[in-house]
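Adding 537 to a residue's 1-based position in the sequence shown gives its number in this note's numbering.
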Amino acid sequence: MRITMIGSGYVGLVSGACFSDFGHDVICVDKDQSKIDALHAGRMPIFEPGLDQLVASNVAAGRLTFTTDLASAVAGADAIFIAVGTPSRRGDGHADLSYVFAATEEIAAAVTGPTVVVTKSTVPVGTGDRVEAILREKRPDIDVAVVSNPEFLREGAAIGDFKRPDRIVIGTDNERAKQVMRDVYRPLYLNESPILFTSRRTSELIKYAANAFLATKITFINEIADLCEAVGADVQDVSRGIGLDNRIGKKFLHAGPGYGGSCFPKDTLALLKTAEDYQTPVHIVEAVVKVNDSRKRAMGRKVLTALGENPRGKTVALLGLTFKPNTDDMRDAPSLAIATALADAGVTVRTHDPEGMVPAKAMMPDLVYCADAYDAAEGADAVVIVTEWDAYRALDLARLKRVMAGPVMVDLRNVYQRADVEQAGFAYTAVGR
538 MRITMIGSGY
548 VGLVSGACFS
558 DFGHDVICVD
568 KDQSKIDALH
578 AGRMPIFEPG
588 LDQLVASNVA
598 AGRLTFTTDL
608 ASAVAGADAI
618 FIAVGTPSRR
628 GDGHADLSYV
638 FAATEEIAAA
648 VTGPTVVVTK
658 STVPVGTGDR
668 VEAILREKRP
678 DIDVAVVSNP
688 EFLREGAAIG
698 DFKRPDRIVI
708 GTDNERAKQV
718 MRDVYRPLYL
728 NESPILFTSR
738 RTSELIKYAA
748 NAFLATKITF
758 INEIADLCEA
768 VGADVQDVSR
778 GIGLDNRIGK
788 KFLHAGPGYG
798 GSCFPKDTLA
808 LLKTAEDYQT
818 PVHIVEAVVK
828 VNDSRKRAMG
838 RKVLTALGEN
848 PRGKTVALLG
858 LTFKPNTDDM
868 RDAPSLAIAT
878 ALADAGVTVR
888 THDPEGMVPA
898 KAMMPDLVYC
908 ADAYDAAEGA
918 DAVVIVTEWD
928 AYRALDLARL
938 KRVMAGPVMV
948 DLRNVYQRAD
958 VEQAGFAYTA
968 VGR
């Protein structure tokens, strides 16, 4: 099949590369000439494990190409995926759909025959209706079906998620579009990946409901972690104890400094706005957003408490900046709130991250960026693990202690065991333990 992917960011590039690896002919489109030039040169605009090799192999095979020319890419395509950004709109938190509608206008001007337009971007309920209205108004002469096909990709594990999905959600009532989408995803039939066909509006809501529920699980266990600290319980054992119940499940029950990234923050806000528009408030999600925001600030206070009565003038080594490992994504990362709280208290912040330092420098230029964890810990009064990169899971504690001014570890991801850290001579603070 011939597939056009409009948008060569995280979702578009991963999806396009995976579709081409299935054997489809894929053209990825982006307005940013520098991004297209970089892709032609084999340079990825994002960090995602294995993506560079996947792109290179399919470019070499002739199945994956990149262009800024949307019109030529759209002409004759069997399926046209819209995978542009939908960031939170300033002021009300609603998803900014301007890029989606601009892409739709360009598709309408360029489409040459029957095709299927698929919204891969995360969009509020009813967006597909508006996309269809634009296409029908601009091109009443063309048979174009509009489908919702939300993505469920985890940053750092996106390729595996795409090729071995829990489910494929397709929102359409159009029989021709259903067959096209079956053909698009036919290579996954061997893995018996379930395809759920729904109405378009149901499909759009599934994406938001899924992310809101996962954000709720994270926020729930973080609040339970606080209770564990107060009563003398261990949140990791609590997580195991409730996660073994298959009605609950063990995933997303790891206590930490709060969620961030490109999806959960903006999707929960967009869901709140949609619920408000339809006068059906979702109070649980409202509480999740509020608690998560306060959680990040509370982690800054936790570090300050571990530094003692007068933290001003002290130095902290902050290990990990991205919102999770195996990505360079700094969007709404807990490190932003933590570093700000420390700087406001007069603490010098030395930091390291395997992939996130370039974007972090643009957001926090006053931090001291270091070559590795031990460089960051040089002269520090405390070391704080913010992101659980593999590089921080087996640190040489004796070496760490030798280079530090004060042996304090604040483990916001519960990577280490208290007995091991204290035996190495550190004062140890964890989350919910």
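Even glycine gets a Cβ: it sits at the ideal position worked out from N, Cα and C. Bear in mind the structure is a predicted one, so any value in this text is a computation, not a measurement.
- Task: Using only alpha-carbon positions, find the residue among D933, G883 and S799 that is nearest to K861.
- Result: As a first step, residue 861 is located in the sequence shown; it is residue number 324 there, counting from the start. The option with the nearest alpha carbon to K861 is S799.
- Item | Assigned secondary structure, V945 (DSSP; H/G/I helix, E/B strand, else coil) | Here the question's residue 945 lines up with position 408 in the sequence shown. Strand.
- Message: One question on the structure: do G857 and E925 come within less than 9 Å of each other, judged by their Cβ atoms?
- Response: As a working note, residue 857 is residue 320 in the sequence shown. As a working note, residue 925 is residue 388 in the sequence shown. Yes, they are a contact pair.
- Task: Could you name the residues that DSSP lists as bridge partners for R676?
- Result: Working through the sequence shown from its first residue, we reach residue 676 at position 139. The partner list for R676 (beta bridge, DSSP) is empty, contrary to what the question assumes.
- Cα-Cα, which of Y745, A878 and T852 is closest to A632? Walking along the sequence shown from the start, residue 632 turns up at place 95. Minimum Cα distance to A632 is reached at Y745.
- To the nearest angstrom, report how far apart R970 and G769 are at their CA atoms. Your numbering for residue 970 matches position 433 in the sequence shown. Your numbering for residue 769 matches position 232 in the sequence shown. Approximately 7 Å, taken between the alpha carbons.
- Rounded separation between A910 and R834 - CA only: On the sequence shown, position 373 is the one that residue 910 refers to. On the sequence shown, position 297 is the one that residue 834 refers to. When rounded, the distance between both Cα atoms is 23 Å.
- Item | With 16 other Cβ atoms within 10 Å as the buried cut-off, status of Q773 | What you label residue 773 is simply residue 236 of the sequence shown in a count that begins at 1. With 16 or more Cβ atoms within 10 Å of its Cβ, Q773 is classed as buried.
- From the DSSP output, in three-state form, read off A682 for me. Working through the sequence shown from its first residue, we reach residue 682 at position 145. If DSSP states are grouped into helix, strand and coil, A682 belongs with the strands.
- Query: Excluding sequence positions up to five away, which residues of its chain have a Cβ less than 8 Å from the Cβ of K675?
  - Reply: The sequence position of residue 675 within the sequence shown is 138, counting from 1. Answer for K675: E642, A645 and A646, listed in chain order.
- Task: Evaluate R600 with the Cβ neighbour count: other Cβ atoms within 10 Å of its Cβ, from every protein chain shown; 16 or more gives buried, anything less gives exposed.
- Result: Counting from one through the sequence shown, the residue named residue 600 turns up at place 63. With 16 or more Cβ atoms within 10 Å of its Cβ, R600 is classed as buried.
- Item | H577 (DSSP reduced to helix, strand or coil) | Here residue 577 corresponds to residue number 40 of the sequence shown, with the count starting at 1. Correct three-state label for H577: helix.
- Message: What does the alpha-carbon distance come out to for the pair V655 and R673?
- Response: Numbered from its first residue, the sequence shown carries residue 655 at position 118. Numbered from its first residue, the sequence shown carries residue 673 at position 136. Cα-Cα distance, rounded: 15 Å.
- Is the beta carbon of R713 less than 9 Å from the beta carbon of A682? Mapped onto the sequence shown, residue 713 falls at position 176. Mapped onto the sequence shown, residue 682 falls at position 145. Yes, they are a contact pair.
- Query: So is E585 buried or exposed if we call it buried at 16+ other beta carbons inside 10 Å?
  - Reply: The residue labelled residue 585 in the question sits at position 48 within the sequence shown. Buried, since its Cβ has 16 or more Cβ neighbours within 10 Å.
- Does DSSP classify R887 as helix, strand or coil? Against the sequence shown, residue 887 aligns to sequence position 350. It is a strand residue.
- Using beta-carbon positions only, say whether A919 and T623 come within less than 9 Å of one another. On the sequence shown, residue 919 is found 382 positions in, with the first residue counted as 1. On the sequence shown, residue 623 is found 86 positions in, with the first residue counted as 1. No.
- Message: For the segment 549-560 against the segment 586-600, do three or more pairs of beta-carbon atoms, one drawn from each stretch, fall closer than 8 Å, so that the two count as touching?
- Response: yes
- Message: Buried or exposed for N863, going by 16 or more other Cβ atoms inside 10 Å?
- Response: What you label residue 863 is simply residue 326 of the sequence shown in a count that begins at 1. Classification for N863: buried.
- Thinking C-alpha only, which one of E823, Y815, V684 and F638 is nearest T753? The residue you call residue 753 lines up with position 216 of the sequence shown. Out of E823, Y815, V684 and F638, E823 has the C-alpha closest to the C-alpha of T753.
- Rounded to a whole number of angstroms, what is the C-alpha to C-alpha distance between I743 and V884? Translated into positions along the sequence shown, residue 743 becomes position 206. Translated into positions along the sequence shown, residue 884 becomes position 347. Cα to Cα, I743 sits roughly 43 Å from V884.
- How should H791 be labelled, buried or exposed, when 16 other C-beta atoms within 10 angstroms of its C-beta is the threshold for buried? Within the sequence shown, residue 791 is the residue found at index 254, counting from 1. Label assigned to H791: buried.
- Query: At which residue ranges does the segment 596-650 contain complete alpha helix (DSSP H) runs of 4 or more residues, listed in the order of the chain?
  - Reply: 607-611 and 635-647
- Query: Mind checking whether V886 and L841 have CB atoms under 9 Å apart?
  - Reply: One-based indexing of the sequence shown puts residue 886 at position 349. One-based indexing of the sequence shown puts residue 841 at position 304. No; because the gap between Cβ atoms is not below 9 Å, this pair is not in contact.
- State the beta-bridge partners of C565 as determined by DSSP. For the purposes of this step, residue 565 is taken as residue 28 along the sequence shown, with counting starting at 1. Partner(s): M542 and F603.
- Task: Mind reading off the beta-carbon distance from A620 to S658? Whole number of angstroms is fine, and I expect it under 8 Å.
- Result: As a working note, residue 620 is residue 83 in the sequence shown. As a working note, residue 658 is residue 121 in the sequence shown. Rounded, the Cβ-Cβ distance is 6 Å, consistent with contact.
- Message: Applying the 10 Å Cβ sphere with the 16-neighbour rule, what's the burial state of N748?
- Response: Residue 748 sits at position 211 when you count from the first residue of the sequence shown. The residue in question, N748, is buried, as its Cβ has 16 or more Cβ neighbours within 10 Å.
- Query: Can you name, in chain order, every residue of its own chain whose Cβ lies under 8 Å from the Cβ of G780, other than the five neighbours on each side?
  - Reply: On the sequence shown, position 243 is the one that residue 780 refers to. Excluding residues within five positions, the ones whose Cβ falls inside 8 Å are G786, K787, K788 and L790.
- Item | Outcome for L949 when other beta-carbon atoms lying within 10 angstroms are tallied against a minimum of 16 | On the sequence shown, position 412 is the one that residue 949 refers to. Answer is buried; the Cβ neighbour count reaches 16.
- Pick out whichever of V662, F689 and P651 has its Cα sitting closest to the Cα of N711. Position 174 of the sequence shown, counting from 1, holds the residue named residue 711. Nearest of V662, F689 and P651 to N711, Cα basis: P651.
- Query: In this structure, does DSSP put L809 in helix, strand or coil?
  - Reply: What you label residue 809 is simply residue 272 of the sequence shown in a count that begins at 1. If DSSP states are grouped into helix, strand and coil, L809 belongs with the helices.
- Item | Classification of D881 by the beta-carbon crowding that lies within 10 angstroms, buried from 16 upward | Within the sequence shown, numbered from 1, the residue matching residue 881 stands at position 344. Looking at its Cβ environment, which holds fewer than 16 other Cβ atoms inside 10 Å, D881 is exposed.
- Query: Where K839 and A967 are concerned, what is the direct C-alpha to C-alpha distance, given to the nearest angstrom?
  - Reply: Residue 839 sits at position 302 when you count from the first residue of the sequence shown. Residue 967 sits at position 430 when you count from the first residue of the sequence shown. Whole-angstrom Cα-Cα distance: 10 Å.
- Anticipated Cβ contact below 8 Å, E741 with T817, distance rounded: Here the question's residue 741 lines up with position 204 in the sequence shown. Here the question's residue 817 lines up with position 280 in the sequence shown. The Cβ separation is near 15 Å, so there is no contact.
- Task: Spatial neighbours of D562 within its chain, please: CB distance less than 6 Å, with the 5 preceding and 5 following residues excluded, ordered by chain position.
- Result: On the sequence shown, residue 562 is found 25 positions in, with the first residue counted as 1. Once the five neighbours on either side are set aside, the close Cβ partners of D562 are R539 and R600.
- Message: In whole angstroms, give me the CA-to-CA distance for A897 and M867.
- Response: For the purposes of this step, residue 897 is taken as the residue at position 360 of the sequence shown. For the purposes of this step, residue 867 is taken as the residue at position 330 of the sequence shown. Spanning the two alpha carbons is a distance of roughly 7 Å.
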